[in-house]
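Data first, discussion second: the structure below is written as structure tokens.
Protein chains in written order, with the numbering used here: chain A, -19 to 366; chain B, -19 to 366.
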């Protein structure tokens, strides 16, 4: 379908009103595109700032259909739209990117693991889990502790459990969640390879980054990953590009990786703009949000050149004090006039991602100083005792 | 008044729904601020993309009052709000930046010229004009041709006439417009010095740029101005900073300058984000739109460091063909994957500013190539035979 807005440019629909839609809207504004957002509530991060907001449930086919009818292309800011609803849209003739067939691999960890193993991509040893006996058998194979993961629905460390004993595993199994088990990989650090791909098949990769997690949540991203050999960087980018093609991903694909003594292993996939590439807003000539739009509209992709030798992003988490942002912002601007601040307009809850800051190396500035500025900026906005 | 939106951050109101509001909205989104826009119509450039849009007339005190009641600070994307209405808002206790007293100097060219002359700032010889005898007298002093300007209401070359003879002048005088006359300055080129200033008195300057006009309209901006001596650059920045302080400007101040064999002369002032600083979106660590918001909210200002050795902006003007933007955008992305595109969502009319593109020097790329890329990109989006 051809659905055009201002200047005869396409109308893009994004399901989900979170910060990814919010930042995609900023990119859409520059390109003259009309972004429509399907949001849960008027106080959703994107709904606060976009005018093309439709309120509705992403689990309601009627709401999705009505939303999609006014969009040339539909894409997502999260993975939570049930696959059968996306299939129904596709059957209606809606252009959905990524497609239901591709997105399954970001929605279901077990499907993803099995497919990647089939493709010969490096993944940790894993096993579907239905019974305690399954875990015990897998534990004999990979040792304890091991990792249990909900096959679907987890994010930011939710739905992932490191279990030490069969007893701990039994408790999780009893919850009835569909599970898989995975070896607890002795990792050196986590990396992310983020690429974008268009329906035409053009693809572009940003430099591989190091991601730092705390309590299962990304807190810091360093671009490019420090000390990463050229060879391993190319391996990671090549892997992400190959997966994008094999899985027929359209849009941004983030491949979260473990770096181990024995090489790279794929941890998770995300098929949308991703926290590990927020640094691209200022740190790359083309941000992941612009690139995602270009990709889903089958425009040629933009250059991924860095704008500084080092770029560090730190997430701002909600702290104990939900008030006082105006004063904290004021003080932060005074303290570091070159830090870039992104706040998502979200209600502050302790530990919730409410924004991020990006520090870019000034001429001659070393990585340690850039990291310190990003961390201190994020801590400062969080407020309270860190 | 303290009027807070999401995260307890201030609500900023911008009068006018043009592209300056549109791009300010992008900056507001990043900072978590709530921007309200007073627009003429739902198809205004900013009204297409912002959710805090109020429809109303910027010449109606009732509309302005009702708009301002929900804003902590009110600012402008144009100079067309009558000064007496701004004064009425100020009398109500509304925090307006720039103030009516400052803004007069951007609204009335004769007031500006007289004030600047009084401050000892370099301005071309000028004279208020009421009768043909006034022009004839001034012409005997500065020679013909000379320039007539409407004291108020002109922009983009409108309201400016180069007249060769008293007869030509007589025709313009007969129209009843309030006029001033100015020497036709033998200029070498035009420059712009853009600064921002906060109520606290902090100020920051971007590098001085060269601006290229065609038919009185800015078509190209080169940052920094090529071949400008350090001494003259400092003189221009110092002049702009001094004028910001003397006129008590809050927000962005653009000082348009003539460079002549005898030195710099002030041409025009604008007290809002300005076309001569659109390049700062990607070309400076702090864009003029972010800086304007920081200034009117009295936050400390951001660093104005460049992100590339050369940054060139070219305006995209409406061409003969209002259709086909999607195809032209596609082709442009293929042709130059590093060009940054900004389209304003405006109805295409020949010669109307409908967007801009920004080219940033890649490592080792010379100015000629950067200029060529910007110009070709803008021409390409314009379409038709240039």
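By construction, the Cβ of each residue, glycine as well, lies at the ideal position given by its N, Cα and C atoms.
Given residue i as reference, the closest of the options once Cα atoms are compared
i	options	result
residue 58 (chain B)	B:39, B:75, B:50	B:39
residue 275 (chain B)	B:139, B:187, B:309, B:178	B:178
residue 175 (chain A)	A:74, A:222, A:85	A:222
residue 255 (chain B)	B:95, B:190, B:36, B:74	B:190
residue 167 (chain A)	A:192, A:258, A:64	A:192
residue 6 (chain B)	B:307, B:21, B:25, B:196	B:25
residue 277 (chain A)	A:257, A:-4, A:181	A:181
residue 215 (chain A)	A:231, A:147, A:44, A:243	A:243
residue -2 (chain A)	A:9, A:-16, A:-17, A:20	A:20
residue 289 (chain B)	B:206, B:332, B:331, B:41	B:206
residue 310 (chain B)	A:264, A:4, A:11, A:301	A:11
residue 306 (chain B)	B:229, B:34, B:208, B:362	B:362
residue 433 (chain A)	A:70, A:196, A:349, A:197	There is no way to answer for residue 433 (chain A), as the model of chain A reaches only from -19 to 366.
residue -19 (chain A)	A:47, A:31, A:73	A:73
residue 43 (chain A)	A:121, A:-5, A:209	A:-5
residue 50 (chain A)	A:34, A:330, A:105	A:34
residue 195 (chain B)	B:234, B:152, B:140	B:140
residue 204 (chain B)	B:70, B:347, B:324, B:-17	B:347
residue 283 (chain A)	A:264, A:234, A:8	A:264
Sequence-distant residues of the same chain with beta carbon closer than 7 Å to residue i, five excluded per side
i	result
residue 353 (chain B)	316, 319, 339
residue 67 (chain B)	80
residue 125 (chain B)	142, 143, 144, 164
residue 97 (chain A)	103
residue 231 (chain B)	55, 77, 78, 176, 251, 252, 272, 275, 276
residue 85 (chain A)	91, 92, 95, 227, 249
residue 330 (chain A)	298, 299, 300
Close beta carbons around residue i, own chain, < 6 Å, minus the five adjacent residues each side
i	result
residue 294 (chain B)	200, 337, 354, 355, 358
residue 118 (chain A)	107, 161
residue 159 (chain A)	109, 128
residue 261 (chain A)	267
residue 239 (chain A)	168, 169, 171
residue 75 (chain A)	53
residue 367 (chain A)	The first residue shown for chain A is -19 and the last is 366, placing residue 367 (chain A) beyond what the model contains.
Host beta strand (DSSP E) of residue i (start-end)
i	result
residue 155 (chain B)	Segment: none, residue 155 (chain B) is in no beta strand (DSSP E) and carries neither H nor E.
residue 234 (chain A)	231 to 240
residue 121 (chain B)	Per DSSP, residue 121 (chain B) belongs to no beta strand (DSSP E); it is in the alpha helix (DSSP H), 112 to 122.
residue 294 (chain B)	291 to 297
residue -17 (chain B)	Run containing residue -17 (chain B): none; DSSP gives neither H nor E here.
residue 200 (chain B)	197 to 203
Residue range of the unbroken alpha helix (DSSP H) whose run includes residue i
i	result
residue 81 (chain B)	80 to 87
residue 7 (chain A)	-1 to 11
residue 276 (chain B)	268 to 276
residue 46 (chain B)	41 to 48
residue 260 (chain B)	260 to 263
Local Cβ density within 10 Å of residue i, reported as buried at 16 or more and exposed below that
i	result
residue 77 (chain A)	buried
residue 343 (chain B)	exposed
residue 322 (chain B)	buried
residue 187 (chain A)	buried
residue 27 (chain A)	buried
residue 303 (chain B)	exposed
residue 258 (chain A)	buried
residue 23 (chain A)	exposed
residue 138 (chain A)	exposed
residue 3 (chain A)	buried
residue 241 (chain B)	exposed
residue 236 (chain A)	buried
residue 1 (chain A)	buried
residue -15 (chain B)	buried
residue 99 (chain B)	exposed
residue 113 (chain B)	exposed
Same chain, Cβ closer than 8 Å to residue i, neighbours up to 5 away in sequence not counted
i	result
residue 281 (chain B)	176, 178, 182, 183, 184, 266, 271, 274, 275
residue 47 (chain B)	-7, -5, 16, 18, 34, 36, 54
### Cβ contact check for the region 248 to 255 of chain B and the region 48 to 68 of chain B: 3 or more pairs under 8 Å
yes
### Query
With contact counted as at least three CB pairs below 8 Å, one residue from each stretch, are the region 125 to 137 of chain A and the region 89 to 97 of chain A in contact?
yes
### Query
Are the region -19 to 1 of chain A and the region 15 to 30 of chain A in contact at 8 Å, needing three or more beta carbon pairs?
yes
### Cβ-based contacts, 9 Å cut-off: residues of the region -16 to 3 of chain A near chain E
Of the protein chains in the structure, A and B, none is chain E.
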